[in-house]
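Asks:
There are 4 protein chains.
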Amino acid sequence: MTASEPGEPAGLWLVGARGSVATTAVTGLLALKAGIIEPTGCVSAQVPFDQAHLAGWDDWRVGGHDVVPTPLAKRAEQLAEAGVIQYRVLEAVREPLAEVETQLCDGYQPATHRGSQADAVQRMATDIAEFAERHALARVVVVNVASTEPEFPVLPEHGTVAALDAAITEPGRVALPPSSVSAYAALRAGCSYVDFTPSTGIRLPALQQLAAQRKLPYAGSDGKTGETLVRSALAPMFTSRALTVRSWAGTNLLGGGDGRTLADSDHAGSKLASKTRGLAALLGGEVTAPLHIDDVPDLGERKTAWDHVSFEGFLGAKMSLQFTWTGYDSALAAPLVLDLARFTAAAHDAGQSGPLGALAFFFKDPLGADDHRLAEQFVALRDWATSL
Amino acid sequence: MTASEPGEPAGLWLVGARGSVATTAVTGLLALKAGIIEPTGCVSAQVPFDQAHLAGWDDWRVGGHDVVPTPLAKRAEQLAEAGVIQYRVLEAVREPLAEVETQLCDGYQPATHRGSQADAVQRMATDIAEFAERHALARVVVVNVASTEPEFPVLPEHGTVAALDAAITEPGRVALPPSSVSAYAALRAGCSYVDFTPSTGIRLPALQQLAAQRKLPYAGSDGKTGETLVRSALAPMFTSRALTVRSWAGTNLLGGGDGRTLADSDHAGSKLASKTRGLAALLGGEVTAPLHIDDVPDLGERKTAWDHVSFEGFLGAKMSLQFTWTGYDSALAAPLVLDLARFTAAAHDAGQSGPLGALAFFFKDPLGADDHRLAEQFVALRDWATSL
Amino acid sequence: MTASEPGEPAGLWLVGARGSVATTAVTGLLALKAGIIEPTGCVSAQVPFDQAHLAGWDDWRVGGHDVVPTPLAKRAEQLAEAGVIQYRVLEAVREPLAEVETQLCDGYQPATHRGSQADAVQRMATDIAEFAERHALARVVVVNVASTEPEFPVLPEHGTVAALDAAITEPGRVALPPSSVSAYAALRAGCSYVDFTPSTGIRLPALQQLAAQRKLPYAGSDGKTGETLVRSALAPMFTSRALTVRSWAGTNLLGGGDGRTLADSDHAGSKLASKTRGLAALLGGEVTAPLHIDDVPDLGERKTAWDHVSFEGFLGAKMSLQFTWTGYDSALAAPLVLDLARFTAAAHDAGQSGPLGALAFFFKDPLGADDHRLAEQFVALRDWATSL
Amino acid sequence: MTASEPGEPAGLWLVGARGSVATTAVTGLLALKAGIIEPTGCVSAQVPFDQAHLAGWDDWRVGGHDVVPTPLAKRAEQLAEAGVIQYRVLEAVREPLAEVETQLCDGYQPATHRGSQADAVQRMATDIAEFAERHALARVVVVNVASTEPEFPVLPEHGTVAALDAAITEPGRVALPPSSVSAYAALRAGCSYVDFTPSTGIRLPALQQLAAQRKLPYAGSDGKTGETLVRSALAPMFTSRALTVRSWAGTNLLGGGDGRTLADSDHAGSKLASKTRGLAALLGGEVTAPLHIDDVPDLGERKTAWDHVSFEGFLGAKMSLQFTWTGYDSALAAPLVLDLARFTAAAHDAGQSGPLGALAFFFKDPLGADDHRLAEQFVALRDWATSL
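Protein chains in written order, with the working numbering: chain A, 1 to 388; chain B, 389 to 776; chain C, 777 to 1164; chain D, 1165 to 1552.
Next comes the structure, spelled out in structure tokens:
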């Protein structure tokens, strides 16, 4: 592929393309193309990013992998019923949505997959390459928005490309979680990669080595869309004011599939860990920070988080702050998926490779950056994006 | 006065020296000198300000004006009963507190004052000058922490020093609110001036002209200690994420004298106005923002604020954030009074004059600065303070 | 009219028939008739009221007055867009909704009315009587769900039927607010009357005298659907536990027309007064109880209330409870309108007249009852209804 | 013992006599005797219970068991520092507190106990009997306020007195948890028994059989002092209004020893179970109800609970209520301990035996009663107490 200019088509390949976040992102992109919604929630559409060298809404083509067969249109209807998508928008994008449907391929599923994981990587890379060829795409950004996986054990084979290649070539051997199979396929297809989930994805030495070899940029991980977003705005308030946070407790109530997946302790492990790491980094040390994720199906697509912060001030005064955040998870995540695609494609165009720390603003557990403070992350993003 | 070096004595002159904030600030300063508390809540005591050229705790001498006769010791006992000051601290500072008591003078009170306002200015300037002389102080910072005044009408005489001097020379004529009489006295005595309240204080063209003539720095106004502090941390989260805030409602429950003063609409006027200006500046435009201050005496020294933010995200999704802040007003304000004294004295030493915009971090309605975003204000403060 | 049997048609005449509450009540009633929704929120549909002698959903015919011309179907669409009514329900009731539309008459509007108020009463009574005749209705219950009026001055003419009749006969004289004109018309037409708003309505000695003469029952006032409902459940908790409530602050954020009407202090007067009376009655005395109603248009049909209760326990311990209630005003009020119609018609059938204190369960400011405690009100309702 | 008359001395024997709740109860009782506090939070001191036949504050003598050696005075000082007890009260009761100290005996501790559990029962029964004799007490009520135990396995030996006696006679055999050893000792000494904790205590068939044989009354279990108290007031609001609760999530943040004990899943088991049983009973069926107890040491004696209720109304409208309760656990529990002693002694006097269902008002998991609705429980208590 050669460097693209604004106006050249760009590809967005979604892993988990039939999920809530992906469906909302695609519906929204189509509505933006149709000019029937404002880009509310799209960071890249506002000043000063509107002056950056980013592909326009019209430039994007969408494809993806998923393991479930529910058609996008059906999923979009469910999201309309749940209040995430307005009916007028749904009606307006039915046709282009059906077109995107034709670009979706079967995802990788260990339980049903025949052959080695190397075969899976190969097949998926081919899917992506064919999509790129079909649409004459200069760039494809692969974004993982699939369900969060259970934590996967660390294996010695993850250490180098060679060791990994040897391991995944063995038939029946499961040396990678699905998210990493997808990440591998993305790199194999010469694509940049974004992990919007806390799953392992590209976070293995072997894959990062491969990205470096191929000069591919990547970003992640775990989109910051609710409680952690607010934390990254509030925690610096306490530290900059020299107020000592003594405890920061959090409870997350999630409906939908997300609640089901994350309330299960195996799957929640990586999520809880990334949230807690961020808080300690923000506060400059460990604090008492109990954290819960509960499955509350009747909330549907909504999620509610309650945080209680107790802190100490002058002369030992004990004080508290609590907040309740209520939002639609998919509506919060979807515009960031579009932002990440635009920024990552632009980085690729600009010849950047490796972890894009400047995109930390979007993530709970940023790759390539240490600062979790939201305002500082925004400054870093702005400076980086406007200099591309 | 000549430029002071760290180690030289510096003066803090408090207008409203017997109030809750002043008493807490003085008690805390004495406890810091005694080494029996940590400087929690003191911005200037933490990295990187600990490396700036600021007067140390031991360098400070305190005096002040007040119109009420309650001794500091009595007020400190009330604050101990209310949970703001620990009994062990109170006991430890009784002696130095009695010493500060000897440095307090009668404040200016229109109802009982005989003679012209010029006389009052003169008398108060002399009080401050004598305090400075008594302690051989290189610098005195005058900080207004008196009760918020009712809004004072704008008069043509406020326009120039000459016009103002003519007006306040007339016996019995009330051309200035008490806060501005104090500010004038501060300038007359060659002192820098900080307004921690939303009262008029130095915010008159004539007084700012005088400060410029005398090359005196000043800062204000209206200390940011609760609801507005949180707003200035949270509002940029919404704007940087391109989320549209549709309404931001607030209710403040205040006990103590503050509640009594501010729930009265005349006195609240300036407070409500400064809060609302800040929010509009933060969000880049007007939003529906009903705001209430209620007097709830049983809360004592505590204050509680509830804010409800409704915002719109991608595809028009309606979401909300609410927070409840519960704190001790005096414990939040007092360390900032000490910080402001240290920073303002250092600015004076460094030859700076006029409004100190770099101190916007501390104020609801900053003089000399437009940015209300907390993180940006902190960066500005840090850069300024470390270059002094 | 003669006593009706369950199965005989009954009439519900809505004053403010095109408003949100009325439209939701009618849509819901039609959906209940169609068997496509459950009677969630309908007190009268659950055990043990399902055994009481109440008219069934199918028995009800609906008509009403309103001063605005927006068709019911249009209003229902707006409510669907606002999330109150599901689209599938809206579609299912379009036809019967159009039928109800034909039963609506112009309301009384002082600004445009020609002739005396007596003429208005006469005309409106005739509207109701014709509706009753058209449908061969044994009973008609008139329910006021119009916008809350500004407080109306107390006049000597309100004291007796004779004095009132003399006053309203004078052409151009405005001796009654619109709500009382409607109440008068209801009584004149031999109907029972329910006031779901805090407007004056039937609460004039002359009208209550008339109801007594005509042996008509009536109920009111001001439907208890949110903050006050929660208060009436929580306040008895404190009193029965001997915990002393020291303050109870409340803030109400309302969207839609309700917010516009009530945030204006004139209209809010009666609402705020009835809320405060209830709280004092519940707590056995006055407490600090600041209360606000704010107009927040972007909330649409939703309302949010935040209450902060500070209370004292054993050994003077200071503690607090706060709650946030978020609901759809119309969805909360509408089923109660249906309940009140059923209970009031049954009371009329049973020969009861005067204020129906047993319906206090439904009201902020109950007529004919002193107890504001929700649980006790429910017991009173149950005992009364099951003995009808 | 013979029936006591008001005015005769009565005994309160506290199991866990050196804990926060016991120390607060004893300090408060002594302050009530001294007439220096109001009986705020004491249900039995208010109308109409002030007319019931209950022992007066002056009539009570206090003793107890505990396994920790911290003197009461020391514990009371810690509670003063934590804000539960005012210093002026502490000073005023120092002398009588030291007197109570002399009445405390060592508790039963499996780890250090030599001999059989029957020996322990015997020794503890003797402690209580000697206390009763020393003070010529007509009645002694034993109240368990010790730390919550881990759940104890159900054994066949718990089925009858005979089987239990055989089991506990075996040296070294641990057939009963400590709470049940205490309960057995209470019954053996002819005392009534109250379980303020969720530990097993008297809830074994054998012990209830013994109480019946000896005609002794008992009450329990698990004092209702915070989140569950609010739930029992709020849940009936939803059911009586026919609103369908879809989920009720709760998070409890506890400081002090309570947090440490209960955040551990073994000990929390019984607490969580009793809370959940109550909610299902209140709502008439199971709902999604995730519940957490977190240890947050910096909260000290305070506890904070956040509950989020999502419910459905008319036409399927989705709405929510959330509340935050912040209180001092010991200040909430202590007056109920005194109430329970007074009511239980009166029941014993009146010849009642077995579970006192009328005291359900005080408990999360009431013995002898099914109704969890607070208002109904209060009516039952009132009717019962005033007829004693």
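We put the beta carbon where it would ideally sit given N, CA and C, even for glycine.
For S4 of chain A, name the three-state secondary structure that DSSP assigns.
Replies: Unreliable placement is indicated for S4 of chain A, whose pLDDT of 42 sits below 50; the coordinate value is still reported in the next sentence. The answer is coil: DSSP assigns S4 of chain A none of H, G, I, E or B.
Asks: Would the C-beta of V121 of chain A count as close to the ligand MG, meaning under 7 Å from any of its heavy atoms?
Replies: Absent from the structure shown: the ligand MG. Ligands present: none.
Asks: If you measure beta-carbon to beta-carbon, which residues of the region 1000 to 1029 of chain C are closer than 9 Å to chain B?
Replies: Taking 9 Å as the Cβ-Cβ cut-off against chain B, the residues of the region 1000 to 1029 of chain C that qualify are R1022, S1023, A1025, G1026, T1027 and L1029.
Asks: So which residues of chain D does Q822 of chain C contact, with C-beta pairs closer than 7 Å?
Replies: Per Cβ cutoff of 7 Å: A1406.
Asks: Could you check how far apart the C-beta atoms of P1519 of chain D and Y1382 of chain D are, in whole angstroms? I think they sit under 8 Å.
Replies: Right, their Cβ atoms sit about 6 Å apart.
Asks: Am I right that Q898 of chain C and V937 of chain C are in contact with their C-beta atoms under 8 Å? What's the rounded C-beta distance?
Replies: 15 Å between Cβ atoms; not a contact.
Asks: Counting contacts by CB-CB distance shorter than 8 Å, is S408 of chain B in contact with chain A?
Replies: By this cut-off, S408 of chain B is not an interface position.
Asks: Taking 8 Å as the CB-CB cut-off, is L1075 of chain C touching chain B?
Replies: Yes - at least one Cβ of chain B is within 8 Å of the one on L1075 of chain C.
Asks: With 8 Å as the C-beta to C-beta threshold (strictly closer), list the residues of the region 693 to 721 of chain B near chain A in chain order.
Replies: Residues passing the 8 Å Cβ filter: E700, G701, F702, L703, G704, A705, M707, S708, L709, Q710, F711, T712, W713, T714, G715, Y716, A719 and L720.
Asks: Can you look up F1487 of chain D in the DSSP assignment and give me helix, strand or coil?
Replies: In this structure, F1487 of chain D counts as strand in the three-state DSSP scheme.
Asks: Entirely within the region 290 to 375 of chain A and at least 4 residues each: give me those alpha helix (DSSP H) ranges in chain order.
Replies: 329 to 349, all fully within the region 290 to 375 of chain A.
Asks: If we count the other Cβ atoms within 10 Å of its Cβ and call it buried at 16 or more, is S387 of chain A buried or exposed?
Replies: Exposed is the call here.
Asks: Would F378 of chain A pass as an interface residue toward chain B - the criterion being a Cβ-Cβ separation below 8 Å?
Replies: By this cut-off, F378 of chain A is an interface position.
Asks: Quick one: which unbroken alpha helix (DSSP H) runs of 4-plus residues sit fully inside the region 119 to 190 of chain A? Chain order, please.
Replies: If we require 4 residues or more, the alpha helix (DSSP H) runs fully inside the region 119 to 190 of chain A come out as 161 to 169 and 178 to 188.
Asks: Distance, Cα to Cα, P397 of chain B vs K421 of chain B?
Replies: Spanning the two alpha carbons is a distance of roughly 13 Å.
Asks: Give, in chain order, every residue of the region 657 to 682 of chain B whose Cβ lies closer than 7 Å to some Cβ of chain C.
Replies: Those residues of the region 657 to 682 of chain B that come within reach of chain C (Cβ to Cβ, closer than 7 Å) are T676, P678, H680 and D682.
Asks: Under a CB-based cut-off of 8 Å, is V1072 of chain C close to chain B?
Replies: At least one chain B Cβ lies under 8 Å of V1072 of chain C.
Asks: Closest Cβ-Cβ distance between A1151 of chain C and chain D: below 8 Å?
Replies: For A1151 of chain C, the answer is yes, since a Cβ of chain D falls inside 8 Å of its Cβ.
Asks: Could you give the C-beta distance for E946 of chain C and S892 of chain C, rounded to a whole number, given that I count them as a contact under 8 Å?
Replies: With a Cβ gap of about 6 Å, E946 of chain C and S892 of chain C count as contacting.
Asks: Can you list the residues of chain B that I37 of chain A reaches, using a CB-CB cut of under 9 Å?
Replies: Result: F702, L703 and G704.
Asks: Taking Y1251 of chain D as part of the alpha helix (DSSP H), name the residues at either end of that continuous run.
Replies: Y1251 of chain D -> alpha helix (DSSP H) spans Y1251 to A1256.
Asks: Let me know if Y960 of chain C comes out buried or exposed under the rule of 16 or more other beta-carbons within 10 Å of its beta-carbon.
Replies: Y960 of chain C is buried by the Cβ-count criterion.
Asks: Following the continuous alpha helix (DSSP H) through R214 of chain A, name the residue where it begins and the one where it ends.
Replies: Per DSSP, R214 of chain A belongs to the alpha helix (DSSP H) from P205 to R214.
Asks: List the endpoints of the continuous alpha helix (DSSP H) containing A849 of chain C.
Replies: Counting along the chain, the alpha helix (DSSP H) containing A849 of chain C begins and ends at L848 to E857.
Asks: In whole angstroms, what separates the C-alpha of L769 of chain B from that of P1454 of chain D?
Replies: Near 45 Å, if we compare the C-alpha coordinates of P1454 of chain D and L769 of chain B.
Asks: Return the CA-CA distance between V1307 of chain D and R1405 of chain D, expressed in angstroms with no decimal places.
Replies: Cα to Cα, V1307 of chain D sits roughly 38 Å from R1405 of chain D.
Asks: How do the region 702 to 721 of chain B and the region 309 to 324 of chain A stand: do at least 3 beta-carbon pairs fall below 8 Å, yes or no?
Replies: Output reads yes: the region 309 to 324 of chain A touches the region 702 to 721 of chain B.
Asks: For a cutoff of 8 Å on Cβ pairs, would you count C42 of chain A as touching chain B?
Replies: It does: the Cβ of C42 of chain A has a partner Cβ on chain B nearer than 8 Å.
Asks: First and last residue of the alpha helix (DSSP H) that includes G804 of chain C?
Replies: From DSSP, the alpha helix (DSSP H) with G804 of chain C extends over S796 to K809.
Asks: Relative to the C-alpha of T973 of chain C, which residue among C:A912, C:A807, C:L992 and C:F1138 is closest?
Replies: Checking every option, the nearest Cα to that of T973 of chain C belongs to C:F1138.
Asks: So K1079 of chain C and G1002 of chain C are supposed to be a Cβ contact under 8 Å. How far apart are they, rounded?
Replies: Right, the Cβ-Cβ distance comes to about 6 Å (below 8 Å), so this counts as a contact.
Asks: Taking only three categories from DSSP, how would you classify L1426 of chain D?
Replies: L1426 of chain D falls in the helix class under three-state DSSP.
Asks: With distances taken between CB atoms, is the gap from A1256 of chain D to A1237 of chain D smaller than 8 Å?
Replies: Not closer than 8 Å, so no.
Asks: Which residue marks the beginning of the beta strand (DSSP E) containing R619 of chain B, and which one marks its end?
Replies: Careful: R619 of chain B lies outside any beta strand (DSSP E), inside the alpha helix (DSSP H) at E615 to S628.
Asks: Does the CB of A391 of chain B have a neighbour CB from chain C at under 8 Å?
Replies: Its pLDDT being 37, under 50, A391 of chain B is placed unreliably in this model, and the coordinates cannot settle the point.
Asks: Quick one: grab the DSSP three-state call for T386 of chain A.
Replies: Helix.
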